[in-house]
Amino acid sequence: EDKVVQSPLSLVVHEGDTVTLNCSYEVTNFRSLLWYKQEKKAPTFLFMLTSSGIEKKSGRLSSILDKKELSSILNITATQTGDSAIYLCAGRHGSSNTGKLIFGQGTTLQVKP
Amino acid sequence: GAVVSQHPSWVICKSGTSVKIECRSLDFQATTMFWYRQFPKQSLMLMATSNEGSKATYEQGVEKDKFLINHASLTLSTLTVTSAHPEDSSFYICSASRRAQYNEQFFGPGTRLTVL
């Protein structure tokens, strides 16, 4: 059965701290791993990772995939209160062109001033 | 951009009634649309995958007759919750993939359904 597991489930930090969120996956015919940020409504796309060992970066956020370990991490440096959200990772199932995503439980990040 | 809209954004209905939720891709053609359900403090659970012009593929445990999905055009998919019950109260989110970029999904803003 396809499964994506995130850790920790929740995290409280102070502004300026650096956080690392973890995601491990077991997805049939794995094609890619995606990270999303969800605030009050629908998730917004952060990164899509398909190749192992290549870091993707966007501002203070970065992410990398390790296909050997079936895992990915999302780093946020110099956190701000606006980073408070649920961070979701999802493994993309690759048996067809449907792009089916298997989501993890999410990590709830709270950044305190 | 790749904008996906949902309507309504929230709905309250009585137990036993049916509710239709629309998902539209506003500026692109969506060959595939996905419907998710999210309970409070839980992750998104895929309910079904729908391809334009064909029947939806439902995930295990999702009742086809209760959650009717129609994807009649490349820009519109609908989810109808039939004979809704309080346990169907949830946040329903759709996403859409473009023909040429099927590995990216663009999410709608979601619909909050409350069944009394």
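Protein chains in written order, with the working numbering: chain V, -6 to 106; chain A, 804 to 919.
Just so it is clear, CB atoms sit at the ideal spot from N, CA and C, and this is done for glycine as well.
Computed from a predicted model, the values in this text were never measured in an experiment.
Practice task
Take the Cβ of residue 21/V as the centre, count every other Cβ of all protein chains shown within 10 Å, and call the residue buried at 16 or more, exposed below.
Solution key: Under this definition residue 21/V is an exposed residue.
Practice task
Spell out the partners DSSP gives residue 0/V in its beta bridges.
Solution key: BP columns for residue 0/V point to 15/V.
Exercise for the section: Output yes if chain A places a C-beta closer than 7 Å to the C-beta of residue 99/V; else output no. Expected result: Chain A has a Cβ within less than 7 Å of the Cβ of residue 99/V.
Practice task
Output, in chain order, the set of chain V residues within a Cβ distance shorter than 9 Å of residue 831/A.
Solution key: Close to residue 831/A, with beta-carbon spacing below 9 Å, lies no residue of chain V; the smallest spacing is near 14 Å.
Exercise for the section: Report yes or no: is there a C-beta of chain V within less than 7 Å of the C-beta of residue 870/A? Expected result: Output row for residue 870/A: interface = no.
Problem - the region 859 to 878 of chain A / the region 831 to 847 of chain A touching (three or more Cβ pairs under 8 Å) - result: Contact holds: three or more Cβ-Cβ distances are below 8 Å.
Problem - Three-pair Cβ contact test at 8 Å for the region 813 to 823 of chain A versus the region 838 to 846 of chain A - result: Inter-segment contact for the region 813 to 823 of chain A and the region 838 to 846 of chain A is absent: fewer than three beta-carbon pairs are separated by less than 8 Å.
Handout entry: Cβ of residue 828/A within 7 Å of any chain V Cβ
Key = Chain V contact via Cβ: absent.
Practice task
Report the rounded CA-to-CA distance for residue 920/A versus residue 858/A, giving the unit in angstroms.
Solution key: There is no way to answer for residue 920/A, as the model of chain A reaches only from 804 to 919.
Practice task
Please state if the CB of residue 916/A and the CB of residue 814/A are separated by a distance shorter than 7 Å.
Solution key: When the beta-carbon positions are compared, residue 814/A and residue 916/A come within less than 7 Å of each other.
Handout entry: Cβ of residue 93/V within 7 Å of any chain A Cβ
Key = Chain A, which has a Cβ nearer than 7 Å to the Cβ of residue 93/V, makes this yes.
Handout entry: Expected contact under 8 Å - CB spacing of residue -1/V and residue 97/V to nearest Å
Key = By a beta-carbon distance limit of 8 Å, residue -1/V contacts residue 97/V. Their separation comes to about 4 Å.
Exercise for the section: Label residue 913/A either buried or exposed according to how many other C-beta atoms from any shown protein chain fall within 10 Å of its C-beta, with 16 as the threshold for buried. Expected result: In summary, residue 913/A is buried, with 16 or more beta-carbon neighbours lying within 10 Å of its beta-carbon over all protein chains present.
Practice task
Give a yes or no on whether 7 Å exceeds the smallest Cβ distance from residue 917/A to chain V.
Solution key: Look at residue 917/A: its C-beta is not under 7 Å from any C-beta on chain V.
Handout entry: Chain-order list of residues whose beta-carbon lies under 7 Å from that of residue 53/V (same chain, five-residue window excluded)
Key = Taken in chain order, the residues that qualify are 69, 70, 71.
Handout entry: Below-7 Å beta-carbon distance, residue 912/A vs any chain V residue
Key = When Cβ-Cβ separations below 7 Å define contact, residue 912/A makes contact with chain V.
Exercise for the section: Taking residue 65/V as the reference, give the member of 75/V, 40/V, 76/V, 77/V with the closest Cα. Expected result: Here the closest residue by C-alpha is 40/V.
Practice task
For residue 73/V, count neighbouring C-beta atoms within 10 Å of its own C-beta (all shown protein chains included) and say buried if the count is 16 or more, exposed if not.
Solution key: Classification for residue 73/V: exposed.
Handout entry: Within chain A, the residues that residue 36/V reaches when beta carbons sit closer than 7 Å
Key = Under the 7 Å cutoff, chain A gives 910.
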